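S.K.: Sending over a structure as structure tokens; questions will come in a sec.
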Amino acid sequence: MDPITSVTRGGKPWTPEFAVSLDGKKCIGCGRCYKVCTRDVLELIDRSEDDIDEDADDDSESISSVMALSNPDDCTGCGACSRVCPKACFTNKPMPLAA
Ligand code: SF4
Ligand code: SF4
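According to the UniProt record's numbering, the sequence shown is numbered sequentially starting from 1.
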């Protein structure tokens, strides 16, 4: 299936890049992405064992919460989350309509 495409208000072609994954091992729970998302796609959750990066050389073991994509079908593909994340946690890409 072809990815969703659109246009800007001025008529320029625009292809949304949807948030498709978020790396909980990199996330520091800063909340920047949550603040910029206008669609309630994101949610701060308790950090699980799977989100702990054993090889991290910072103090990440003290982090108790990480961000999660709790409502991905409401994402508009604006890309703001990815732009503000200081840890490059997000993968955003063009996608077809969800089945
Ligand atoms: S791409 Fe936009 S709408 Fe989608 S999760 Fe990121 S900030 Fe929210
Ligand atoms: S901006 Fe990045 S590091 Fe901060 S909470 Fe969101 S995903 Fe985690």
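Glycine residues also receive a C-beta, built at the ideal position from the N, C-alpha and C atoms.
Treat the numbers as computed from the prediction; the structure is a model and nothing was measured.
1. V7: buried (16+ other C-beta within 10 angstroms of its C-beta) or exposed?
2. Suppose you measure from the CA of G31 to the CA of S48; what does that come to, to the nearest Å?
3. Report buried or exposed for D51, applying the criterion of at least 16 other Cβ atoms within 10 angstroms of its Cβ.
4. Nearest to residue 100 by alpha carbon, out of C27, W14, S21?
5. Between E17 and K93, which are expected to be in contact by the criterion C-beta below 8 Å, what is the C-beta distance as a whole number of angstroms?
6. In terms of residues, what are the limits of the alpha helix (DSSP H) holding S80?
M.R.: Taking the structure as given:
1. exposed
2. Roughly 17 Å separates the two Cα atoms.
3. That one is buried.
4. One cannot answer for residue 100 here, as it falls past the ends of the chain, which runs 1 to 99.
5. Between E17 and K93 the beta-carbon gap is near 6 Å, inside 8 Å, which marks them as a contact.
6. Sequence inspection shows Ala at residue 80; the Ser mentioned does not correspond to that position. A80 -> alpha helix (DSSP H) spans 80 to 84.
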